[in-house]
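A.B. asks: Residue numbers (the numbering used here), protein chains in the order written: chain A, 1 to 215; chain B, 1001 to 1290. Here a beta-carbon is modelled for each residue, glycine too, at the ideal position from N, C-alpha and C.
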Ligand code: SF4
Ligand code: SF4
């Protein structure tokens, strides 16, 4: 899922400068799970902004704001409330915010910061394991992503900052390359680490990326 | 023509290197003064590359200036601040300036330096950088396009003999050797037995081992290093020795000399990390050469 956090209220209020009527949009998927823009957060935002002197023309929680057609359709179903508003405040990931921006002429305010593609450890705890590099290497690294879990994204083994199995960049984290080494040793295929992994092909990461499935 | 340093290594002669950081500024006078004062005592001088992710003059120019002075540099080059184009063009520039030795490094975490908001590159890693140097040496760029003039670098890499778990670092050492590393300059050694073990482990790779010797000044400095410099760990007994010494600065030199003498018989050379106290280097090297 896409992990996002809500921007501080002062920042949101500052971004709403110059208008008093706000329509609030949340997302029923990722933003709900990470509590940045679900039903509850939209409701709280409504209260907070009302206290800050804003008038809320309406709210909606869209099922997958990243779904562009659905977002456009759902906003049309609330056309009056949307029309009345000076701003559409969106509490979803950056992709969802742009679905809204494309669907409506109104000024759109981003109420969140999108952080990473996250695994869910347990309720309210998320960890980055994949950074969508476009050329998955997990088959060669024992199922541990060197691109993401190694803080430097190194492909050929631990850097000189590894100490006692911990990562130089954050000593609370285990060095990805120690984990990879241990896993491959356990699976009796550690020798494969002796082969040099070629450099990444960043052409695969050019953006804006798109994908169109064959019919 | 191979460098003096390369020649000595190949001839199995003991080498001594030291390191200098380029200035934080554009005035090279201090750098050159230090280099000139160290040159008579060492075989080559490492020029660090934004060490600890602290921004300084590019090692390319600093190393080139040493060459002009007739001093042999080992240019350190990290993957943190340059993508593959910049690495290659800096290497070509270095070769044009007469730089012959390169130490290929990953680079410390950008978050430990003075530009924490910067973007770390890591387009390549140290193994891939060594391969790149190999490609330039054979007259081609990383994508196989021919160069007008091949480089003639002696490439080296870093190694950490005392790191735990050491075995997890072995495959990378194998790859560094396969990618063309001809010498390892190690992290600071405090336990010569570990250095001997390391030396035996890498012996089959045919890479010369140059042991890092750190010159400490005080217990406080050692503690600072332990907290702030990635990959450097001063053991407690050494810190205690410094803490209880009447003259900690002199004790630091004594510790360095003791370690260097113990390492001398184990490896192919000593790399002195003076931590700014360049004035003690001649004394230390005289002791090693004695
Ligand atoms: S290698 Fe890592 S970042 Fe790339 S796709 Fe696989 S898990 Fe994701
Ligand atoms: S310590 Fe390990 S995980 Fe951390 S940056 Fe270095 S190689 Fe990557």
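#1: Nearest to residue 1170(B) by alpha carbon, out of 166(A), 171(A), 156(A), 102(A)?
#2: Considering only the alpha carbon of each residue, which of 134(A), 84(A), 108(A) lies closest to residue 211(A)?
#3: Specify which residues have a beta carbon nearer than 6 angstroms to any heavy atom of ligand 2, listing them in chain order.
#4: Any Cβ of chain A within less than 8 angstroms of the Cβ of residue 1040(B)?
#5: Leaving aside the five residues before and after residue 1232(B) along the sequence, list all residues of the same chain whose C-beta is less than 8 angstroms from its C-beta, in chain order.
#6: At a CB-CB cut-off below 8 angstroms, which residues of chain A make contact with residue 1164(B)?
#7: Relative to the C-alpha of residue 1078(B), which candidate in 1281(B), 1072(B), 1069(B), 1088(B) has its C-alpha closest?
#8: For the segment 1124-1141 of chain B, list every residue whose C-beta sits within 8 angstroms of some C-beta in chain A, in sequence order.
#9: Would you mind stating whether residue 1156(B) and residue 1101(B) have Cβ atoms separated by less than 8 angstroms?
#10: Can you name, in chain order, every residue of its own chain whose Cβ lies under 8 angstroms from the Cβ of residue 1163(B), other than the five neighbours on each side?
#11: With a cut-off of 8 angstroms, does the C-beta of residue 1269(B) fall near any C-beta of chain A?
#12: Would residue 1281(B) and residue 1018(B) be called neighbours here (beta carbons separated by less than 8 angstroms)?
#13: Per DSSP, residue 166(A) is paired with what?
#14: Give me the pocket residues for ligand 1, defined as CB within less than 6 angstroms of any heavy atom, sorted by chain position.
#15: Excluding the five sequence neighbours on either side, which residues of its own chain have a C-beta within less than 6 angstroms of the C-beta of residue 1205(B), listed in chain order?
#16: Spatial neighbours of residue 1288(B) within its chain, please: C-beta separation below 8 angstroms, excluding the five flanking residues on both sides.
#17: Tell whether a beta-carbon distance below 8 angstroms holds between residue 51(A) and residue 22(A).
#18: In three-state DSSP terms, what is residue 200(A)?
#19: Please go through the segment 1051-1134 of chain B and give each complete beta strand (DSSP E) segment of 3 or more residues, from N-terminal end onward.
#20: Indicate the three-state DSSP secondary structure (helix, strand or coil) for residue 1190(B) in the structure shown.
#21: Counting only runs that start and end within the segment 1200-1251 of chain B, where is the beta strand (DSSP E) found for 3 or more residues in a row?
#22: Does the Cβ-Cβ distance between residue 88(A) and residue 82(A) come in under 8 angstroms?
#23: Here's the rule I'm using: 16 or more other beta-carbon atoms within 10 Å means buried, otherwise exposed. How should residue 1221(B) be labelled?
#24: At the level of alpha carbons, what is the spacing between residue 177(A) and residue 158(A)?
#25: Where does residue 39(A) sit, in a helix, a strand or coil, going by DSSP?
#26: Let me see if you follow: with CB-CB separation under 8 angstroms, is residue 1231(B) close to chain A or not?
#27: For residue 1184(B), does the three-state DSSP call read helix, strand or coil?
#28: Could you give the first and the last residue of the continuous alpha helix (DSSP H) run that contains residue 96(A)?
#29: Check whether the Cβ of residue 1122(B) lies closer than 8 angstroms to any Cβ atom in chain A.
#30: If you follow the beta strand (DSSP E) that residue 1159(B) is in, where does it begin and where does it stop?
#31: Measure from the C-beta of residue 1017(B) to each C-beta in chain A and report whether the shortest distance is under 8 angstroms.
#32: Quick one: Cα of residue 1053(B) to Cα of residue 1106(B), how far?
#33: Would you list the one or two residues that DSSP bridges to residue 108(A)?
#34: Bridge partners for residue 61(A) per DSSP, in chain order?
#35: Give the DSSP-derived three-state secondary structure of residue 1046(B) in the structure shown.
#36: Assuming residue 1057(B) and residue 1115(B) are in contact, meaning their beta carbons sit under 8 angstroms apart, how far apart are those beta carbons, in whole angstroms?
C.D. replies: Looking at the atomic coordinates:
#1: 156(A)
#2: 134(A)
#3: 150(A), 151(A), 152(A), 154(A), 158(A), 159(A), 161(A), 162(A), 167(A), 168(A), 169(A), 175(A), 176(A), 177(A)
#4: no
#5: 1187, 1188, 1214, 1225, 1226
#6: 163, 164, 165
#7: 1088(B)
#8: 1124, 1125, 1126, 1127, 1128, 1131
#9: yes
#10: 1169, 1187, 1231
#11: no
#12: yes
#13: 163(A), 174(A)
#14: 130(A), 131(A), 132(A), 133(A), 136(A), 137(A), 138(A), 145(A), 147(A), 148(A)
#15: 1177
#16: 1016, 1257, 1260, 1261, 1264, 1270
#17: no
#18: coil
#19: 1073-1078, 1101-1105
#20: coil
#21: 1208-1214
#22: yes
#23: buried
#24: 5 angstroms
#25: helix
#26: yes
#27: strand
#28: 94-103
#29: yes
#30: 1154-1159
#31: no
#32: 11 angstroms
#33: 88(A)
#34: 26(A)
#35: strand
#36: Not a contact, Cβ separation roughly 15 angstroms.
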